[in-house]
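The structure appears right after this line, and notes come after that.
Residue numbers (the working numbering): 46 to 1255.
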């Protein structure tokens, strides 16, 4: 689907208005104007205190020179190169201290305009140098946000604008904070109001700052509701406005549309006749200035994409004709894709295009028929029209089918166009076969062109071949498809191409009886080549390590060969497994019918053994020592002991034997081979046990090498292990590896979801799936602990169907969130939809799907293009209206659009999704939906009320055994999972609706350490147990202890409590039947009570509006938030102990007080994991693990100094 992906990327690029820093700089450069007369005005002698800055190294003359240069909007265009170089060097050489930063900020706030000018010029100069001064941005930008609107001096305003542009380009995350300040955005926009008298340099500076901030920021506030558009709309429709001002105003309006959160911005233009947006668009389109005309087309596209009530445009009789006159004149040089916006944005306009002959006229124009690029655009555009029958008639009238069949170049093959409109499927199949045959026979020396037909072959097999076996047969017999694939794989530039593998996998799905032939012709040769490469890598590694141990030098050329071989091995292996159906692997493993073992099973086994050998070569040093980056759990301790190895914490001893690994990135390439082989085979039932057996070795090597990919792949494989096995490896979820929750990757990247899900499984015991969850899945897809995730780490599309369906009547929906770098298809299906790897929801008559990532609709194997593109991390809402037989979809915040009609409401429809290779999505079946649509999770609760009524009651599942889990929440700044080898540190927050008693804490080597809360009582307890969920300490003795203390019993802190039945009945739950004994050591049935307090004994916290105790009445349904921090106190040389004691702090409702810090007895040096017990049945638990170095409480970072005040050693 590469062509579709490129189309989607083009739409996304257009919709995002990517002017960017480069384009903005180009416009600034071309339009740069010196500050006319502003700097040249006679000034009084400066009293600027320059000697107090920069250690006195800058003279007043040089400061004035910097001011003169930096006061230009674009010094590069307005100053000589010599002056500019000198000014930049002066700033680059300045020694800047913290005191200098503070004084510059103070001078920038001065009432003296000369002080403000000079200070801002110096700040701008410091922002231009490389690297810039780190301490300046926060303070100076806060000052600019506050003062920009009120600043009257033009030079200072220019400097403000350029400082904003520089720092936002250096740190794009700053932009979001700036667009959140509406007064600042308003001040930039209002700069346009005085365009007649304002110096052009000031206007240009404000425009540049607005464009830069908007492009780097995200949707923020309802700027149209605030009226910010009015100034710009008046400029666009006024007479005698300078061309540049029109250009700036149009672009500024686009920026507002881009970042405004108004659901439908056009409705905020109160007087449509006054602002006349249609006239503004047409006036821009008519402009002879290319920039303005392009801005008009972009504005038009955003009009239709961001507003779903285009009555004003639809009702304007002259608009359509004017638009097409302009469009026909310029479409070959401007934005052909804007036509998609018109057809998608208004069904009325789309219908008028057909009825009034505009479609026919455009199709007949030579500019379309003679331009392959324009032709491809128009083929895609026509699939957007809702009335397929009428479009087909126009196509036939214009002879477009003949024109489409005549195309021979792979990059303009009108496959989706013909698949959508061609009713003669035999003719369509003949066209595909003919193209494949032509590539085989006539294009023998151009692998790139050969590859160009593979996406079409794949889609044809999936969409048509699964229903018609003759499709596969004709490709094999007439098109010579396999011979073409063999040619591509045999060529150096084609042996790692995944498009071919995907097409072959689709052929295996469409024609299972061809699998033996495919194995012989393709899979066996590919596997043999991969085996040869892995064997060569293993031999090369043994030789290199042997030389290194003997003290001999290993040539760089040898390591380079290993690196290149590893890259080729990974490429060939990925081509082997990419889109490989399970049936193929099964045949490779078990052989043909009647055979005991597949002929290639031994080859696969040998590849796994070679990979094991590579890992073992890098596991230990010459003395049998293993040095992990983290202290691992018992299963890895046992593994090293079994292999005759031993741990060493002396990194300096081990480093000498790691000389090879410190000589470049070759080691990453080599290690990638065994991990990619293992992670690809974990998804197949036949090979999964062998990979599970390798887990100790894979996990241990990953812990010794700081490479993100190894940690990610280890977590993934552990996630596929049985729960009792996976929990033994929880180090990978709670301790620091290279895969931190850093800000460089998206919240919904697959590896992050895998890591979060793994953390959740290890931390919270006893959860069940939601009543509505993903139930029927293809392949080895993971649905998460709660059942609402799709973790597809295999290398082909996989699908899932929900456990709850709806029929008859009502309006229902669900939401999905994901990144936009992989294909996803979201929709509805009946139980007749076949859920198997490679099949996509919508490929048959039993399912419908929409993909805003791919900008497509799909039903019955036919694509329809849409002019909508999902942004990164956006939420898609998928809606089913059984009252009217329609399916709608939208990106959250926009109005739903009907995408399918005539749905059979007598059938039962289930939520259904397809997720692309190595991708993940998160589903919310309970999310609020637009209008009268009901969250699908609530549909089963409806009884006597109308099905379309929104439920207002508490959503409590009827099935009391269900404890739904929220797998993760949005990340906070600097979020990571953290730990160090011998002093593990952990801070996490749990939001939980408690039962009568709740425990939140940690587990360490079979010991539970918990903050326990019940009504009017809280305590810190520790008890040993291999299973803290079912042990008597938690289920029996902790509740009894709480009741005894609430009755008035007294107990000293830091005491072992043994509860003894005094009434002779050990099963009694009456606290009066039990007595307390105090011991010095814990054993079974005994609890170490560190601290406890009744609510009446706890003082109200300063600044808290609520008492500190937690109301845990059984009827309470509100969630409490508890933070647990665990670390080590600073060493005390006088304590006579064997190291620092651990310390625990507890935040209740995210408030930290001194009395919530507890000194502990060291129980173990093993790894720690979060532990949450006692959630109310039917409630959700949200777990968020943070980096102890910078934990967040109430949104504020707790820096090292503060943490140390609490007694922690970081």
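Every residue gets a Cβ at the ideal spot worked out from N, C-alpha and C, and that includes glycine. Please read all numbers here as calculations on a predicted model, not as lab measurements.
Query - Nearest residue (CA-CA) to residue 430, options 940, 614, 447 and 912 - result: Counted from its first residue, the chain shown places residue 430 at position 385. If we check each option's Cα against that of residue 430, 912 comes out closest.
Query - DSSP three-state assignment for residue 467, whether helix, strand or coil - result: On the chain shown, position 422 is the one that residue 467 refers to. Residue 467: coil per DSSP, three-state reduction.
Requested in this report: Report the residue from 629, 256 and 239 whose alpha carbon sits nearest the alpha carbon of residue 287.
Outcome: For the purposes of this step, residue 287 is taken as residue 242 along the chain shown, with counting starting at 1. Checked all of 629, 256 and 239; the closest Cα to residue 287 is 239.
Report task. Closer than 8 Å by C-beta to residue 746: which residues in its own chain qualify, once you throw out the five before and the five after it? Chain order, please. Result -> The count along the chain shown starts at 1 and reaches residue 746 at position 701. Closer than 8 Å at Cβ, skipping near neighbours: 660, 663, 664, 716 and 755.
**Report entry** Assigned exposure category for residue 954 - 16 Cβ within 10 Å defines buried
**Finding:** Taking the first residue of the chain shown as position 1, residue 954 is located at position 909. Residue 954 is buried by the Cβ-count criterion.
Query raised in the report: Taking buried to mean at least 16 other C-beta atoms within 10 Å of its own C-beta, is residue 159 buried or exposed?
Result: Your numbering for residue 159 matches position 114 in the chain shown. The residue is buried, with at least 16 neighbouring Cβ atoms inside 10 Å.
Query raised in the report: What number of angstroms, rounded off, separates the C-alpha of residue 837 from the C-alpha of residue 895?
Result: Start at 1 with the first residue of the chain shown, and residue 837 comes out as number 792. Start at 1 with the first residue of the chain shown, and residue 895 comes out as number 850. Looking at the two C-alpha atoms, the distance is approximately 19 Å.
Report task. Going by CA-CA distance only, name the one from 197, 207, 710 and 948 that's closest to residue 186. Result -> Taking the chain shown and counting its residues from 1, the one referred to as residue 186 is at position 141. Of 197, 207, 710 and 948, the residue nearest in Cα terms is 207.
Query raised in the report: Going straight from the alpha carbon of residue 738 to that of residue 765, what length do you get?
Result: Locating residue 738 in the chain shown gives position 693, counting from the first residue. Locating residue 765 in the chain shown gives position 720, counting from the first residue. Using only the alpha carbons, I get a separation of about 12 Å.
Query raised in the report: So, are the CB atoms of residue 1056 and residue 886 less than 8 Å apart?
Result: Here the question's residue 1056 lines up with position 1011 in the chain shown. Here the question's residue 886 lines up with position 841 in the chain shown. Contact flag unset, no.
Query raised in the report: Whose C-beta lies closer than 8 Å to the C-beta of residue 612 among residues of the same chain, with five residues either side of it excluded?
Result: Here residue 612 refers to the residue found at position 567 of the chain shown. Taken in chain order, the residues that qualify are 714.
Requested in this report: Determine the burial state of residue 989: buried for a count of at least 16 other Cβ atoms within 10 Å of its Cβ, exposed for fewer.
Outcome: As a first step, residue 989 is located in the chain shown; it is residue number 944 there, counting from the start. Confidence in residue 989 is poor, its pLDDT being 25 and thus under 50, which makes the residue's placement unreliable; the coordinate value appears in the next sentence. Taking a 10 Å sphere around the C-beta of residue 989, we find fewer than 16 other C-beta atoms and assign the residue as exposed.
Query raised in the report: Roughly how far, in whole angstroms, is the beta-carbon of residue 395 from the beta-carbon of residue 424, given that I think they are within contact range, below 8 Å?
Result: Here residue 395 is taken as the residue at index 350 of the chain shown, counted from 1. Here residue 424 is taken as the residue at index 379 of the chain shown, counted from 1. Wrong, their Cβ atoms sit about 16 Å apart, outside the cutoff.
**Report entry** Cβ shell of residue 907 (< 8 Å), same chain only, five flanking positions each side left out
**Finding:** By one-based count along the chain shown, residue 907 stands at place 862. Contacts found: 464, 465 and 508.
Query raised in the report: How many Å lie between residue 1090 and residue 898 at the Cα?
Result: Translated into positions along the chain shown, residue 1090 becomes position 1045. Translated into positions along the chain shown, residue 898 becomes position 853. Using only the alpha carbons, I get a separation of about 58 Å.
Requested in this report: Leaving aside the five residues before and after residue 762 along the sequence, list all residues of the same chain whose C-beta is less than 7 Å from its C-beta, in chain order.
Outcome: Mapped onto the chain shown, residue 762 falls at position 717. Cβ neighbours of residue 762 beyond the five flanking positions: 723, 724, 727, 736, 740 and 743.
Report task. Work out the CA separation of residue 199 and residue 212 for me, nearest whole Å. Result -> Here residue 212 refers to the residue found at position 167 when the chain shown is read from its first residue. Here residue 199 refers to the residue found at position 154 when the chain shown is read from its first residue. One Cα belongs to residue 212, the other to residue 199, and the distance between them is close to 20 Å.
Query raised in the report: Since residue 1202 is in the beta strand (DSSP E), which residue starts that stretch and which ends it?
Result: Locating residue 1202 in the chain shown gives position 1157, where the first residue counts as 1. Its beta strand (DSSP E) spans residues 1202 to 1204.
Query raised in the report: To the nearest angstrom, how far is it from the Cα of residue 1115 to the Cα of residue 1092?
Result: As a first step, residue 1115 is located in the chain shown; it is residue number 1070 there, counting from the start. As a first step, residue 1092 is located in the chain shown; it is residue number 1047 there, counting from the start. One C-alpha to the other measures close to 11 Å.
Query - Span of the beta strand (DSSP E) around residue 712 - result: Numbered from its first residue, the chain shown carries residue 712 at position 667. Unbroken run through residue 712 is the alpha helix (DSSP H), 711 to 726; no beta strand (DSSP E).
Query raised in the report: From residue 599 to residue 655, what does the alpha carbon distance come to, in whole angstroms?
Result: In the chain shown, the residue the question calls residue 599 occupies position 554. In the chain shown, the residue the question calls residue 655 occupies position 610. Those two C-alpha atoms are separated by around 22 Å.
Query raised in the report: How many Å lie between residue 435 and residue 234 at the Cα?
Result: Here residue 435 is taken as the residue at index 390 of the chain shown, counted from 1. Here residue 234 is taken as the residue at index 189 of the chain shown, counted from 1. Pairing residue 435 with residue 234, the inter-Cα distance amounts to about 45 Å.
Query raised in the report: Quick one: Cα of residue 603 to Cα of residue 544, how far?
Result: Position 558 of the chain shown, counting from 1, holds the residue named residue 603. Position 499 of the chain shown, counting from 1, holds the residue named residue 544. If you take the alpha carbons of residue 603 and residue 544, they lie about 32 Å apart.
Query - 7 Å CB neighbourhood of residue 1122 in its chain, flanking five on each side removed - result: Locating residue 1122 in the chain shown gives position 1077, where the first residue counts as 1. These residues qualify, in order along the chain: 1103 and 1105.
Report task. Can you give me the Cβ contacts of residue 607 inside the same chain, cut-off strictly under 8 Å, excluding the 5 residues immediately before and after it? Result -> Counting from one through the chain shown, the residue named residue 607 turns up at place 562. The answer, listed in chain order, is 582, 585, 586, 589, 711, 714 and 715.
Query raised in the report: In three-state terms, what does DSSP make of residue 1213?
Result: What you label residue 1213 is simply residue 1168 of the chain shown in a count that begins at 1. In the three-state reduction of the DSSP assignment, residue 1213 falls in the strand class.
Query raised in the report: Quick one, which of 92, 770 and 302 has its alpha-carbon nearest residue 680's?
Result: Position 635 of the chain shown, counted from the start, is the residue given in the question as residue 680. The shortest Cα separation from residue 680 among 92, 770 and 302 belongs to 770.
Query - C-alpha distance - residue 224 paired with residue 920, whole-angstrom precision - result: Position 179 of the chain shown, counted from the first residue, corresponds to residue 224. Position 875 of the chain shown, counted from the first residue, corresponds to residue 920. Approximately 21 Å, taken between the alpha carbons.
Query raised in the report: Taking the alpha carbon of residue 1038 as the point to measure from, which residue in 1220, 1061 and 974 has its own alpha carbon closest?
Result: On the chain shown, position 993 is the one that residue 1038 refers to. Among 1220, 1061 and 974, the Cα nearest to that of residue 1038 belongs to 1220.
Requested in this report: Would you check if the distance between the CB atom of residue 869 and the CB atom of residue 958 is smaller than 8 Å?
Outcome: Working through the chain shown from its first residue, we reach residue 869 at position 824. Working through the chain shown from its first residue, we reach residue 958 at position 913. Against a cut-off of 8 Å, the Cβ pair of residue 958 and residue 869 comes out as a contact.
Query raised in the report: Is the CB-CB distance between residue 280 and residue 294 below 8 Å?
Result: For this step, residue 280 is matched to residue 235 along the chain shown. For this step, residue 294 is matched to residue 249 along the chain shown. It is a contact, given that the beta carbons lie within the stated cut-off.
Query - residue 731 - DSSP class collapsed to helix/strand/coil - result: As a position in the chain shown, residue 731 is number 686, starting the count at 1. Residue 731: coil per DSSP, three-state reduction.
Query raised in the report: Got a sec, what are the start and stop residues for the alpha helix (DSSP H) residue 571 sits in?
Result: Locating residue 571 in the chain shown gives position 526, where the first residue counts as 1. Looking at the DSSP string, the run of the alpha helix (DSSP H) that includes residue 571 is 569 to 594.
Query raised in the report: Going by the beta-carbon positions, is the gap between residue 141 and residue 171 smaller than 8 Å?
Result: Taking the chain shown and counting its residues from 1, the one referred to as residue 141 is at position 96. Taking the chain shown and counting its residues from 1, the one referred to as residue 171 is at position 126. Yes; because the gap between Cβ atoms is below 8 Å, this pair is in contact.
Requested in this report: Take residue 505 and list the residues in its own chain whose beta-carbon comes closer than 6 Å to its own, dropping the five residues that flank it on each side.
Outcome: Here the question's residue 505 lines up with position 460 in the chain shown. So the qualifying residues of the chain are 477.
Query raised in the report: Grouping DSSP H, G and I as helix and E and B as strand, with all else coil, what is residue 945?
Result: Taking the chain shown and counting its residues from 1, one reaches residue 945 at position 900. Strand at residue 945.
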